[in-house]
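Residue numbers for the sequence shown follow the working numbering, so the first one is 1 and each next one is one higher.
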Amino acid sequence: MTSLRLTPARFDREAGHRLLDVLQDEETQQAAFPGLEKTAPGFADWVVTALFGGTYQREGLSLRDRQIANLAALTALGGVEPQLAGHVRTSLRTGITREEIVEVFVHVAPYVGVPRALAGLRVAAEALGEDEEER
1 MTSLRLTPAR FDREAGHRLL DVLQDEETQQ AAFPGLEKTA PGFADWVVTA
51 LFGGTYQREG LSLRDRQIAN LAALTALGGV EPQLAGHVRT SLRTGITREE
101 IVEVFVHVAP YVGVPRALAG LRVAAEALGE DEEER
């Protein structure tokens, strides 16, 4: 039997923490990590190391493109409003405009369903500080 040789995955805890500080504001970090650490010790570190210090460090997509994918995926998943709100705010930090954020939800409607797209738009409006009557 031939030995399967896999390309080693790269995980960089320090790079993960640096990127997390760029992508997420203090409010978003505080909404997730302290409670997660209390409930599941070590899991928050795994998230930062594997996600921000691993997946996000891969070549091939810009941070902006990764955020668009995150908005679409979380909208499709549904039921993850706190994470979606955080990614809406993170999207602004990566240079995505408010109009582009809204357009992501409009664009995914035929694929994920109108109710999920509307739920995403409600989360975005709140995260962007917009009053629903203004829309």
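Even glycine gets a Cβ: it sits at the ideal position worked out from N, Cα and C.
*Comparing alpha-carbon positions, which option in Glu14, Ala15, Leu128 lies nearest Leu92?*
Its Cα nearest to that of Leu92, the residue Leu128 stands out among Glu14, Ala15, Leu128.
*Looking only at C-alpha atoms, which of Gln83, Glu27, Pro8, Thr55 sits nearest to Gly16?*
Just measuring C-alpha positions, the residue of Gln83, Glu27, Pro8, Thr55 sitting nearest Gly16 is Thr55.
_If the criterion is Cβ atoms closer than 9 Å, does the pair Ala124 and Ala69 meet it?_
Taking 9 Å as the cut-off, the beta carbon of Ala124 is found no closer than this to the beta carbon of Ala69.
*Look up Ala9 in the DSSP assignment and say whether it is helix, strand or coil.*
Here Ala9 sits in coil by DSSP.
_In whole angstroms, give me the CA-to-CA distance for Glu99 and Gly120._
So the alpha carbons of these two residues sit roughly 14 Å apart.
*Under the three-state reduction of DSSP, which class applies to Ser62: helix, strand or coil?*
Here Ser62 sits in coil by DSSP.
_Can you tell me where the alpha helix (DSSP H) holding Asp45 begins and where it ends?_
Asp45 -> alpha helix (DSSP H) spans 43-47.
*Taking one C-beta from the region 3-17 and one from the region 50-64 each time, how about it: are there three or more such pairs within less than 8 Å?*
Three or more beta-carbon pairs drawn from the region 3-17 and the region 50-64 are found closer than 8 Å, and the two stretches are therefore classed as touching.
*So Thr75 and Ala32 are in contact, right, with Cβ under 8 Å, and what is the actual spacing, rounded?*
Between Ala32 and Thr75 the Cβ distance is about 19 Å, and since that is not below 8 Å, they are no contact.
*Start and end of the alpha helix (DSSP H) containing Ile101?*
Here the alpha helix (DSSP H) through Ile101 covers 98-112.
_Short of 7 Å in beta carbon distance, which residues of its chain neighbour Gln67, apart from the five on each side in sequence? Order them along the chain._
Once the five neighbours on either side are set aside, the close Cβ partners of Gln67 are His87, Thr90, Ser91, Thr94, Ile96.
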